[in-house]
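Only one structure is covered here, and it is reproduced in the block below.
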Amino acid sequence: MAKLIYFFICLTIVFGTGYSLKCYKCDSEKLDGCVKNEKPTEQPCGNAPPNMAQFCFYKTAYDSVKKVNFANSSCIQVPAGSALDRSSIPDCKTPPAGIEIKECRVCALDLCNSAPLTSTSLITMMCLPLIFVFAKIFSH
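To convert a position in the sequence shown, counted from 1, into the working numbering, add 1.
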């Protein structure tokens, strides 16, 4: 059992080295302007500096000054250990004056930050049990 755990640790280190999170980058004045059908740009986030972590985010909001809805998505660097929720995104936690946040999502998987679709990716559904198993293995 210990050999198996060491194997997975080594595998994680080998594949984790040089890995960079990839997020969708989109700025749109349409609430649904960042859906995958609109082909948002794929953006490699690069490597996070020490004591920082990389997340993807997706945000929709209303600008009461310009009287427009907008959506944007991108990479964001946050302090390491930050919660994987809207409190990690400064503009979502404390929006600028005149901005009403409608939705703010944060995620840490490649290309996880497009506008919501009505279907869930089959690959994502198949990976969930693997994530659960790895979490159980490494939490002991």
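Where a beta carbon is used, it is the ideal one built from N, C-alpha and C, also for glycine.
From the DSSP output, in three-state form, read off residue i for me.
| i | result |
| --- | --- |
| Pro117 | coil |
| Ala109 | coil |
| Ser144 | A question about residue 144 goes unanswered here, because the residues of the chain that appear run from 2 up to 141. |
| Lys103 | strand |
| Pro80 | strand |
Could you please give me the residues that DSSP links to residue i through a beta bridge?
| i | result |
| --- | --- |
| Lys23 | Pro45 |
| His69 | Rather than His, the amino acid found at residue 69 in this sequence is Val. Answer is Asp64. |
Alpha carbon to alpha carbon, how far is residue i from residue j?
| i | j | result |
| --- | --- | --- |
| Ala136 | Lys67 | 45 Å |
| Val79 | Lys94 | 13 Å |
| Pro130 | Val107 | 21 Å |
| Asn70 | Asp111 | 26 Å |
| Cys57 | Lys23 | 8 Å |
| Ile138 | Gly82 | 20 Å |
| Asn97 | Asp28 | Sequence check: residue 97 is Pro here, not Asn. If you take the alpha carbons of Pro97 and Asp28, they lie about 17 Å apart. |
| Glu101 | Asp92 | 10 Å |
| Cys113 | Gly99 | 28 Å |
So residue i and residue j are supposed to be a Cβ contact under 8 Å. How far apart are they, rounded?
| i | j | result |
| --- | --- | --- |
| Ala72 | Cys35 | 5 Å |
| Tyr25 | Ser89 | Actually they do not touch by this definition, with Cβ atoms about 17 Å apart. |
| Asn48 | Ser21 | 6 Å |
| Lys60 | Glu104 | 7 Å |
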